[in-house]
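Okay, structure first, notes after.
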Amino acid sequence: EEAEEADAQEEYEKLSQENALLKTNQEQDVKYKTQESKSLDKTVSEYSADREAANTELAAVLEYYAKIKERCVAKPETYEERKARREAEIKGLKQAMQILKDETAAFAQRARRGGKRHHAFLAAQ
């Protein structure tokens, strides 16, 4: 019976040592994992701040791009705008043509008068 009790005591002490060792290992795991978790939280926080800064910068760039694009990209004219522009151009061309006709007629008239005078001048000599 004492042998059994000694064996049981030895088994108990062995189990107690294993449990103490297991407990120490688990506590160390918790400690390291807690540190790792804090480190990861800090990294996430830094990345979140970087992301916010990048998003703010992106928004500013996109806003600037929209303004530049509005000024630089040719917008197609509407039908009404093209029609009005063409009508104004045609009107201007018709006015120019009328001025040329008037000047041609005046020039031709002067040439006829000048030609008669020239003939009269020659006949007088």
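In terms of our numbering, the sequence shown opens at residue 165 and continues consecutively. C-beta: ideal position from N, C-alpha, C; glycine also.
Check	Outcome
If you draw a straight line from the C-alpha of residue 192 to the C-alpha of residue 171, how long is it?	31 Å
Look at the alpha carbon of residue 228 and the alpha carbon of residue 220, and state the distance between them as a whole number of angstroms.	12 Å
Reducing DSSP to helix, strand and coil, say where residue 174 ends up.	helix
Where does residue 241 fall in DSSP's three states?	coil
To the nearest angstrom, how far is it from the Cα of residue 203 to the Cα of residue 240?	56 Å
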